[in-house]
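In the numbering used here, the protein residues as written are 20 to 96. Please read the structure below before turning to the comments.
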């Protein structure tokens, strides 16, 4: 499935070649919400939460360069 810009002239059922910049792609496991493209060795610690939306929000903050802290961690200087 793909979502295209509203100005695209490609219609449902049309055959088209689509090029994707994979460096900006994010893949998630639908059952766990886990980001499958995160580089664990370079990623900051993302706190685990019961609400999967909270984990997704934390992931988005990390992608935007914002530090994410849990209640039991201290901010880095």
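Ideal Cβ placement from N, Cα and C applies to all residues, glycine included.
For residue i, which residues in the same chain have their Cβ closer than 7 Å to its Cβ, ignoring the five residues on either side in sequence?
| i | result |
| --- | --- |
| residue 26 | none |
| residue 75 | 52 |
| residue 20 | none |
Apart from the five residues on each side of it in sequence, which residues of its chain come closer than 8 Å, Cβ to Cβ, to residue i?
| i | result |
| --- | --- |
| residue 55 | 46, 47 and 48 |
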